[in-house]
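Trainee: What follows is a structure written as structure tokens; I'll ask about it next.
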Amino acid sequence: MGDVLQSTREVRTPMTETDAPIAIVTGASRGIGKATALALAEAGFDLVLAARTVQSGDEHADMVRSADGSPLPGSLEETRDEIAGRGRRTRLQRLDLLEIDTLHALVEDTLAEWGRIDVLVNNAIYQGPGLMQDFMKGSMDELEKVFQGNVLAQVHLTRLVLEGMLERGHGIVVNLTSEAGMIDPPLKLARGGWGFAHGATKAALHRMAGYLKVEYGDRGIRAYNLEPGLVLSESFLASLGEDSELEKLGIPSAPVEVPAAVIRWLCTSEDAVAMNGENIHAQPFCKRNQLLPGWP
Numbered sequence: 103m104g105d106v107l108q109s110t111r112e113v114r115t116p117m118t119e120t121d122a123p124i125a126i127v128t129g130a131s132r133g134i135g136k137a138t139a140l141a142l143a144e145a146g147f148d149l150v151l152a153a154r155t156v157q158s159g160d161e162h163a164d165m166v167r168s169a170d171g172s173p174l175p176g177s178l179e180e181t182r183d184e185i186a187g188r189g190r191r192t193r194l195q196r197l198d199l200l201e202i203d204t205l206h207a208l209v210e211d212t213l214a215e216w217g218r219i220d221v222l223v224n225n226a227i228y229q230g231p232g233l234m235q236d237f238m239k240g241s242m243d244e245l246e247k248v249f250q251g252n253v254l255a256q257v258h259l260t261r262l263v264l265e266g267m268l269e270r271g272h273g274i275v276v277n278l279t280s281e282a283g284m285i286d287p288p289l290k291l292a293r294g295g296w297g298f299a300h301g302a303t304k305a306a307l308h309r310m311a312g313y314l315k316v317e318y319g320d321r322g323i324r325a326y327n328l329e330p331g332l333v334l335s336e337s338f339l340a341s342l343g344e345d346s347e348l349e350k351l352g353i354p355s356a357p358v359e360v361p362a363a364v365i366r367w368l369c370t371s372e373d374a375v376a377m378n379g380e381n382i383h384a385q386p387f388c389k390r391n392q393l394l395p396g397w398p
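Below, the structure is given as structure tokens:
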């Protein structure tokens, strides 16, 4: 991997200069990723939007679908169009977490066009077979894909981005984590709990932020884990439905704009510097600091 990382250093002459900070948001076609891109655009960022679904209706293997079998609503083009109304620039980049070449292209193309990357939001996850299965079900090949898409891809992408951040002496990494990586499921899988692979991969990714703080905090790098809580995104509703037993247990839920507002705060507030390396629970943090007017 070291030789590959070295290759990104060669892409250093931007075709287009921009004074605005640059943020890459993965999984920006819908849900938390889209809401985060919109929130950062409002804060003055230019955005690199990355996901598999570039155009509405794009079909992919192993994708979450609506109840009628159609693709979930949302695409990078739709996110771009909404950002355009906020006066910010965007780049669209196809990203598949199981295809390493697309990770390299994302970073190299961004550096070639805009010259730097200031923020990386690791939001996209692999949602194929094996993620939400019983411990005794599913193949080891499926489990390996889940770890590739939900841990190794994020590590690989962060390493690629971090190289330039360290050279410039500043940069922010935000990883979307989950309580599934911290606690036991409140319910069996069939009743709305989560699969072993989901919890295991979130637990692994959870270790990144604190490590980056210890190793690179004195070189201008900040990293955060953001735990969004129960968020009523398109993929959640498609997977568990509007009458999930998790909600019946009284577990609080929030719209996608809540974690997005916290990410915006982490990337723009001077007070966030003191929280480097921490795990932030989005819903109580947003409520306590009144980051989203009108919520809850």
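Residue 382 in the working numbering sits at position 280 of the sequence shown; the count goes up by one each step and never skips.
Every residue, glycine too, gets a C-beta built ideally from N, C-alpha and C.
1. Which runs of the alpha helix (DSSP H) spanning at least 4 residues fall entirely within the stretch 189 to 276, listed in chain order?
2. Locate the alpha helix (DSSP H) running through residue 300, then write down its first and last residues.
3. Counting C-beta neighbours from all protein chains within 10 Å, is the total for residue 108 16 or more, i.e. buried, or is it exposed?
4. So, for residue 396: in the same chain, excluding its five sequence neighbours on each side, which residues have a beta-carbon less than 6 Å away from its beta-carbon?
5. Between which two residues does the beta strand (DSSP E) harbouring residue 286 extend?
6. The alpha helix (DSSP H) spanning residue 128 covers which residue range?
7. Regarding residue 271 and the ligand COA, is the C-beta to nearest heavy atom distance less than 6 Å?
8. Taking the beta carbon of residue 292 as the centre, do at least 16 other beta carbons fall within 10 Å, making it buried, or is it exposed?
9. Leaving aside the five residues before and after residue 394 along the sequence, list all residues of the same chain whose C-beta is less than 8 Å from its C-beta, in chain order.
10. How would you call residue 150, buried or exposed, if buried means at least 16 neighbouring beta carbons within 10 angstroms?
11. Using a C-beta cutoff of 7 Å, does residue 330 count as contacting chain B?
12. Give every residue of the same chain whose Cβ lies closer than 6 Å to the Cβ of residue 278, excluding the five residues on either side of it in the sequence, and list them in chain order.
13. Is it right to say residue 313 is buried, meaning 16 or more other beta carbons lie within 10 angstroms of its own, or is it exposed?
14. Roughly how many whole angstroms lie between the Cα atoms of residue 136 and residue 185?
15. Measuring only the C-alpha atoms, how far is residue 373 from residue 189?
16. Report the three-state DSSP secondary structure of residue 340 (helix, strand or coil).
17. Between residue 199 and residue 228, how many whole angstroms is the CB-CB distance? I'm expecting something under 8 Å.
18. Quick check: residue 153 and residue 129, are their CB atoms within less than 7 Å of each other?
19. According to DSSP, simplified to helix, strand and coil, what is residue 333?
20. Rounding to the nearest angstrom, what Cα-Cα distance links residue 401 and residue 308 in this structure?
Mentor: Concretely, from the data shown:
1. Within the stretch 189 to 276, the runs of alpha helix (DSSP H) at least 4 residues long that lie entirely inside it are, in chain order, 202 to 216, 242 to 249, 255 to 270.
2. That run of the alpha helix (DSSP H) goes 298 to 307.
3. Because the pLDDT at residue 108 is just 35, under 50, the model does not fix this residue reliably, and the value given afterwards should be weighed accordingly. When all chains shown are included, residue 108 counts as exposed.
4. Within the same chain, no residue comes within 6 Å of residue 396 by CB-CB distance, once the 5 residues on both sides are set aside.
5. That residue, residue 286, is in no beta strand (DSSP E); it is neither H nor E in DSSP.
6. Counting along the chain, residue 128 sits inside no alpha helix (DSSP H); it lies in the beta strand (DSSP E) bounded by residues 124 to 128.
7. Among the components of this structure there are no ligands whatsoever, and the ligand COA is therefore not found.
8. Exposed: under 16 other Cβ atoms inside 10 Å.
9. Closer than 8 Å at the Cβ level, and outside the excluded window around residue 394, lie 359, 360, 363, 388.
10. Within a 10 Å sphere around the beta-carbon of residue 150 sit 16 or more other beta-carbons, which makes this residue buried.
11. Absence of chain B from the displayed structure is noted, only one protein chain being present.
12. Taken in chain order, the residues that qualify are 225, 328.
13. Note on residue 313: under 16 other CB atoms within 10 angstroms of its CB, so exposed under the neighbour-count rule.
14. Straight across, the Cα-Cα distance linking residue 136 with residue 185 is about 10 Å.
15. When rounded, the distance between both Cα atoms is 27 Å.
16. The pLDDT assigned to residue 340 is 49, lower than 50, so where the model puts this residue is not dependable; a value taken from the coordinates is nonetheless given after this. In this structure, residue 340 counts as helix in the three-state DSSP scheme.
17. Under the criterion of beta carbons closer than 8 Å, residue 199 and residue 228 qualify as touching, at roughly 5 Å.
18. Against a cut-off of 7 Å, the Cβ pair of residue 129 and residue 153 comes out as a contact.
19. In this structure, residue 333 counts as strand in the three-state DSSP scheme.
20. Residue 401 cannot be examined here, being either before or after the span of the chain that is shown, 103 to 398.
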